[in-house]
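**Student:**
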Amino acid sequence: MTVADRTGSSGAAPSREQGRFDAIVLGAGAAGLMCAARAGQRGRRVLLVDHAPEAGRKILISGGGRCNFTNIHTAPDRYLSANPHFCKSALSRYRPDDFVALVERYGIAWHEKTLGQLFCDGSARQVVAMLLEECARGGVTLRLGQPADTIDHADGRFRVSIGADVVEAPRLVLATGGPSIPKMGATGFAYDVARRFGLKVVQPRPALVPFTLGEEDALFRSLSGVSADVEVRFGKVRFREAALFTHRGLSGPAMLQISSYWDHKGAIHVDFLPGREGDWLVAEKAARPRSSLRRTLAAALPERLAEALAERMATDGELGGITDKALRHAAARLAAWPFRPTGTEGFAKAEVTAGGIATAGLSSRTMEARGVPGLFAIGEAVDVTGWLGGYNFQWAWASGVAAAEAL
Ligand code: FDA
Numbered sequence: 322m323t324v325a326d327r328t329g330s331s332g333a334a335p336s337r338e339q340g341r342f343d344a345i346v347l348g349a350g351a352a353g354l355m356c357a358a359r360a361g362q363r364g365r366r367v368l369l370v371d372h373a374p375e376a377g378r379k380i381l382i383s384g385g386g387r388c389n390f391t392n393i394h395t396a397p398d399r400y401l402s403a404n405p406h407f408c409k410s411a412l413s414r415y416r417p418d419d420f421v422a423l424v425e426r427y428g429i430a431w432h433e434k435t436l437g438q439l440f441c442d443g444s445a446r447q448v449v450a451m452l453l454e455e456c457a458r459g460g461v462t463l464r465l466g467q468p469a470d471t472i473d474h475a476d477g478r479f480r481v482s483i484g485a486d487v488v489e490a491p492r493l494v495l496a497t498g499g500p501s502i503p504k505m506g507a508t509g510f511a512y513d514v515a516r517r518f519g520l521k522v523v524q525p526r527p528a529l530v531p532f533t534l535g536e537e538d539a540l541f542r543s544l545s546g547v548s549a550d551v552e553v554r555f556g557k558v559r560f561r562e563a564a565l566f567t568h569r570g571l572s573g574p575a576m577l578q579i580s581s582y583w584d585h586k587g588a589i590h591v592d593f594l595p596g597r598e599g600d601w602l603v604a605e606k607a608a609r610p611r612s613s614l615r616r617t618l619a620a621a622l623p624e625r626l627a628e629a630l631a632e633r634m635a636t637d638g639e640l641g642g643i644t645d646k647a648l649r650h651a652a653a654r655l656a657a658w659p660f661r662p663t664g665t666e667g668f669a670k671a672e673v674t675a676g677g678i679a680t681a682g683l684s685s686r687t688m689e690a691r692g693v694p695g696l697f698a699i700g701e702a703v704d705v706t707g708w709l710g711g712y713n714f715q716w717a718w719a720s721g722v723a724a725a726e727a728l
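Heads up: the sequence shown begins at 322 in the numbering used here, then just goes up one per residue.
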């Protein structure tokens, strides 16, 4: 891939489709499909390009194949960005209800799973089919299996070489996402283009990603497959959801959520029994003095986890033989168990990429680059990253619509 921002001619090209399009959208993922469809339906002639052989690949695998397409609790505070206000405008103008209305127009059955997360009853394929149909209704030209290569910019027009062709339009939308899960065709293409046009990029990093644990926590790695409802904290951020032990470390919704906030240095703290008072073990001792700590924990937690925690705390014997002070200390430890991850499983396993094209260079109303009229960036390519649970698709839809209205 090469990108050029030239002020002169775009050079020789084998063939050219001049003046046919009002806008070229690069990336037929969630944001690009939505943007192209809406712009097409507004009467714009749109070319939508993707190097993958099929559109919406991440939609197809999302939500375990059922696509968690939005979250009814969508709000700006559920997004990470260097500018937490940037996402407000687009999110307020295209809401979860708007996407639900679209899904219902297509007769796609859905349900709320948990925590406001909306999923298809059937298959994520229905969402991709719906978006492709919306593109068809907007007369969008779709070119799949063809990577965008050189991009020239001259005389207010963008010229993009795609395979053997050069296409041009006065508007160009970067919707090629971030580099998470490269084996699915994810790239940092949008960042390269943005930088060449003078836009800044906030250091991209894997987010919603499992943690790896080292030798110090080898005991927990042996719990692979065990899950528990916990509260995990990092700094002031906390999530109460399921955690899953894996053979490499920690995963599950709670861990994926906190990973987006982790600084790659400090410890994360896990409350294994959220909601309990500090002297609950003292109360247990009064009620069941012959019980052991392991048996007491096993009443509330998976057996193997209870065993591993009890082993680590080395508080042996019957509760009746342990001092109240030691029991309060044990309860405090169980409420703030520190894990020091050695790292994460990286972009290969990250559900999203945090960071990306800096919002400072973009209009929050239209997603257009302030310094480059006609250049837009939407979706995951931008430095706006949602929590787990449908928030990232809602950003893709909302930012796609915001740009479409300005194309
Ligand atoms: P997206 O990645 O969807 O699309 C970018 C497109 O650009 C791709 O089609 C790619 O092929 C193309 N492209 C890249 N480089 C190119 C180039 N050089 N030339 C041409 N095309 C190029 N979110 C959520 O809200 N609910 C969920 O249930 C899930 N589940 C989920 C599961 C898994 C396994 C993953 C990996 C991710 C999720 N997500 C999610 C996150 C969600 O998939 C993601 O945030 C959106 O797909 C982002 O949409 P975009 O359109 O910005 O990028």
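Note that beta-carbon positions come from the ideal geometry of N, C-alpha and C, so glycine has one too.
Would you list, in sequence order, the uninterrupted beta strand (DSSP E) runs of no fewer than 3 residues that lie entirely inside the region 358-435?
**Tutor:** DSSP runs (the beta strand (DSSP E)) wholly in the region 358-435: 367-370, 389-392, 431-433.
**Student:** If you compare alpha carbons, which of H590, A647, A675 is closest to P662?
**Tutor:** The option with the nearest alpha carbon to P662 is H590.
**Student:** Using C-beta distances below 7 Å, list every residue in its chain close to G711, excluding the 5 sequence neighbours before and after it, in chain order.
**Tutor:** N389, F390, T391, N392, Q438, L439, listed in sequence order.
**Student:** Would the region 513-527 count as touching the region 365-383 if we require 3 or more Cβ pairs under 8 Å?
**Tutor:** Too few Cβ pairs lie closer than 8 Å, so no.
**Student:** Which term fits Y415, buried or exposed, when burial requires 16 or more other beta carbons within 10 angstroms of its beta carbon?
**Tutor:** Buried, since its Cβ has 16 or more Cβ neighbours within 10 Å.
**Student:** Just mark L709 as buried or exposed, buried being the case when its beta carbon has 16 or more other beta carbons within 10 Å.
**Tutor:** Buried: at least 16 other Cβ atoms inside 10 Å.
**Student:** Within the continuous alpha helix (DSSP H) that includes F566, where are the two ends?
**Tutor:** Here F566 belongs to no alpha helix (DSSP H); instead the beta strand (DSSP E) covers 558-566.
**Student:** Excluding sequence positions up to five away, which residues of its chain have a Cβ less than 6 Å from the Cβ of E669?
**Tutor:** A small fix is needed here, since residue 669 is Ala in this sequence, not Glu. Excluding positions up to five away in sequence, the list is empty.
**Student:** From what residue to what residue does the alpha helix (DSSP H) around S444 run?
**Tutor:** Counting along the chain, S444 falls outside any alpha helix (DSSP H), and DSSP gives it neither H nor E.
**Student:** Using the Cβ count rule (16 or more neighbours within 10 Å means buried), how would you classify V605?
**Tutor:** The sequence given here places Glu at residue 605; Val does not occur at that position. Buried, because 16 or more other Cβ atoms sit within 10 Å of the Cβ of E605.
**Student:** Residues in its own chain within less than 7 Å of G506 by CB, not counting five upstream and five downstream?
**Tutor:** Excluding residues within five positions, the ones whose Cβ falls inside 7 Å are H372, A373, R378.
**Student:** What do you reckon, are the CB atoms on A360 and V367 nearer than 8 Å?
**Tutor:** Contact flag set, yes.
**Student:** Check R633 in the structure and name its three-state DSSP category.
**Tutor:** If DSSP states are grouped into helix, strand and coil, R633 belongs with the helices.
**Student:** What is the rounded straight-line gap between the Cα of H738 and the Cα of G498?
**Tutor:** Outside the displayed span of the chain (322 to 728) sits residue 738, for which this structure offers no information.
**Student:** For T644 and F407, what's the separation of their Cα atoms in angstroms?
**Tutor:** Their Cα atoms are separated by approximately 53 Å.
**Student:** Any chance the CB of F518 is under 7 Å from a heavy atom of the ligand FDA?
**Tutor:** F518: no, Cβ never under 7 Å from the ligand FDA.
**Student:** Out of A725, E726, N713, G484, state which residue places its alpha-carbon closest to the alpha-carbon of Y400.
**Tutor:** The residue with the shortest Cα to Cα distance from Y400 is N713.
**Student:** Locate the beta strand (DSSP E) running through D550, then write down its first and last residues.
**Tutor:** 548-555 is the span of the beta strand (DSSP E), which, as asked, contains D550.
**Student:** According to DSSP, what are the bridge partners of H474?
**Tutor:** According to DSSP, H474 bridges with F479.
**Student:** Taking the continuous beta strand (DSSP E) assigned at D645, which residues delimit it?
**Tutor:** Where D645 is concerned, there is no enclosing beta strand (DSSP E), although the alpha helix (DSSP H) it sits in stretches over 645-656.
**Student:** How about V703 and G682: do their beta carbons lie closer than 8 Å?
**Tutor:** Not closer than 8 Å, so no.
**Student:** Alpha carbon to alpha carbon, what distance is there between K409 and G466?
**Tutor:** Each residue's alpha carbon lies about 34 Å from the other.
**Student:** Spell out the partners DSSP gives D592 in its beta bridges.
**Tutor:** D592 is bridged to E552.
**Student:** G474: buried (16+ other C-beta within 10 angstroms of its C-beta) or exposed?
**Tutor:** In the sequence as displayed, the identity of residue 474 is His instead of Gly. With 16 or more other Cβ atoms within 10 Å, it is buried.
**Student:** Going by the C-beta, is I472 closer than 7 Å to any heavy atom of the ligand FDA?
**Tutor:** Not under cutoff, so the answer is no.
**Student:** For a test of the three-state rule: what should DSSP assign to S613, helix, strand or coil?
**Tutor:** Strand, per DSSP.
**Student:** With 16 other CB atoms within 10 Å as the buried threshold, where does D442 fall?
**Tutor:** That one is exposed.
**Student:** Taking 7 Å as the cut-off, is the C-beta of P405 nearer than that to any heavy atom in the ligand FDA?
**Tutor:** For the ligand FDA, not one heavy atom lies less than 7 Å from the Cβ of P405.
**Student:** Taking 7 Å as the line, does the beta carbon of F541 fall inside it for any heavy atom of the ligand ADP?
**Tutor:** In the structure shown, the ligand ADP is absent; the only ligands present are the ligand FDA.
**Student:** Do S402 and V673 have their C-beta atoms within less than 8 Å of each other?
**Tutor:** It is not a contact, given that the beta carbons lie outside the stated cut-off.
**Student:** Does the contact criterion of 3 or more C-beta pairs under 8 Å hold for the region 342-358 versus the region 684-704?
**Tutor:** Touching, yes.
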